[in-house]
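Numbering of the sequence shown is given in full-length UniProt numbering, commencing with residue 1 and proceeding in unit increments. Ideal Cβ placement from N, Cα and C applies to all residues, glycine included. If you're wondering where the values come from, they're calculated on a predicted model, not measured in any experiment.
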Amino acid sequence: MDKRCILILLDGLGDRSHPQLGGLTPLQAAHTPCLDRLAAAGANGLYHATFFGQPLPSENAHFALFGGLPGEFPGRGPLEALGAGLALGPDDVAVLTHFAHIGPDRDDRLVLLRDKVKVSPEERETLFRSVDRFEHGGVEISLHPVGGLFGVLVLRGDVSPFVTDTNPMVDGRLLPPPLPRSSHADDPAALRTADALRAYLLHAHRTLAALPFNRERAEAGQVPADGLVTQRAGRLVPCPSMGARYGLRGLCITSGVLFAGLARFLGMDFSNAPDTGDPGADLADRVRTALDRLDDFDFIHVHTKTPDQAAHTKDPLAKVRVIESLDRGLAEVAERLTDDPRVLLAVTADHSTPSCGPLIHSGEPVPLLFAGEGVRRDQVTRFDEVSAAGGALGCMRGREFLFSVLNLLDRARLAGIHDSPDQVEYWPGDHPPFILDPKE
């Protein structure tokens, strides 16, 4: 009987303690009988994709969970480009961007006046169309929408991804100019890329501010969408697929361009699962899809962004409500998960998202559980950031998660065994047959 892993990833689940919750985290404060039963049925611990205290975005944390090495990470820009179906060349640079309200202060320094703006669908089309092409110093820049007011800039020519962001991420802060990163301060390609980005962003600001609907908004004291801010430049780099390195056929079930791009980059299949506004029902439906696809895949990632989104409202009670909804949804399918002897269940998060304070994400580890046949059972009976720390798994980091999955699937490679010419992490490896030639 071949085992399969279903990873239920509750994005941004980890948090900090809050006075309005009696000093508890939202996960500790939430009523989660299903998650607690799963914790009691298996092994628990903590997970961090890199180092304690280092905040991570979803893409970096997921890349580690899926077994990628840091030097193979292409950057968020290329992943979103792939998710949007764009064809990137090996030398292209992709940069995240979105429309915002920016303007000069008394000293002509550009300020992020409003990071999030609202426009009609027709106005959105006008925004993208008005600044979709630009050329400067031999660098061609094209703008591609990926959802709402968010897009990807694709830069072609003799360009470099080693340039700084221009998005300060907080309203009222000065925009940083695009500059070569210090490691590439004298690199002509990085200098050329930064110069072209600067020219484009100034062109975009002037062009957008002159649009009739933006001028009308400004005159009426409303918020115009009169600028673009950029961040997370990158380019594609060689990276083995999940199948080639770990011998796992992977499937990602979620919504979002980022995860479609990450799946495409790592050779996983992607099943788009739109959000309906009911977190628990959405999660239950995604788990049902995973269970129905067990014959086709060895590793199925079931993802929901809703805990992270709730935390970004900076309302701990909102996050509690989302967590409780997810637990109710999980309860609808938990019996199928635990009764199927093929299923190795993993539940964790990619990072912590604090429901208070100025940080977007924070660096605390997140809870992790494994449940299934053969998994050690510890004494933990609650699934939360503190209880999990007393479990049998200890604290896993980086690729240790996927190595543990291979181990619990009985596919772990004994160190020193080389049954395949390729450097793979799974066993048995793929190799040609050793044929007896009867003529010899």
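Which partner residues of residue i appear in the DSSP bridge assignment?
i	result
residue 43	370
residue 135	140
residue 426	412
residue 145	151
residue 303	9
residue 163	180
residue 18	24
residue 174	111
residue 156	140
Are residue i and residue j close, meaning C-beta to C-beta below 8 Å?
i	j	result
residue 374	residue 408	yes
residue 326	residue 287	no
residue 75	residue 234	yes
residue 311	residue 12	yes
residue 257	residue 146	yes
residue 316	residue 55	no
residue 378	residue 394	no
residue 40	residue 380	yes
residue 115	residue 138	no
residue 119	residue 112	no
residue 406	residue 372	no
residue 82	residue 261	yes
residue 270	residue 239	no
residue 164	residue 181	yes
residue 353	residue 303	no
residue 168	residue 197	no
residue 388	residue 46	yes
residue 226	residue 209	yes
residue 102	residue 205	yes
residue 90	residue 236	yes
Buried or exposed for residue i, please, with buried defined as at least 16 other CB atoms from any protein chain shown within 10 angstroms of its CB.
i	result
residue 335	exposed
residue 357	exposed
residue 418	exposed
residue 242	buried
residue 131	buried
residue 435	exposed
residue 438	exposed
residue 61	buried
residue 88	buried
residue 183	exposed
Quick check on this structure: which residue in the options has the alpha carbon closest to the alpha carbon of residue i?
i	options	result
residue 154	393, 188, 94, 135	94
residue 346	200, 264, 66	66
residue 217	123, 339, 438	123
residue 35	369, 404, 405, 414	369
residue 98	137, 372, 166, 245	166
residue 342	384, 293, 187	293
residue 308	151, 10, 301	10
residue 283	353, 428, 329	329
residue 366	28, 3, 21, 2	28
residue 298	49, 411, 63, 110	411
residue 108	175, 52, 86, 143	175
residue 275	306, 321, 20, 151	306
residue 59	90, 232, 224, 142	232
residue 148	103, 84, 14	84
residue 52	414, 431, 429, 396	396
residue 319	348, 103, 18	18
residue 162	151, 186, 7, 172	186
residue 245	403, 437, 33	403
residue 413	92, 425, 421	425
residue 125	15, 211, 221	211
Taking Cβ positions only, does residue i come closer than 8 Å to chain D?
i	result
residue 294	The structure shown contains no chain D; it is built from a single protein chain.
_Length-filtered (4 minimum) alpha helix (DSSP H) runs lying within the stretch 35-121_ = 58-65, 76-83
*Quick one: which unbroken alpha helix (DSSP H) runs of 4-plus residues sit fully inside the stretch 224-287? Chain order, please.*
242-246, 257-265
*List in chain order: all unbroken beta strand (DSSP E) runs of 3+ residues lying wholly within the stretch 326-390.*
343-348, 366-371
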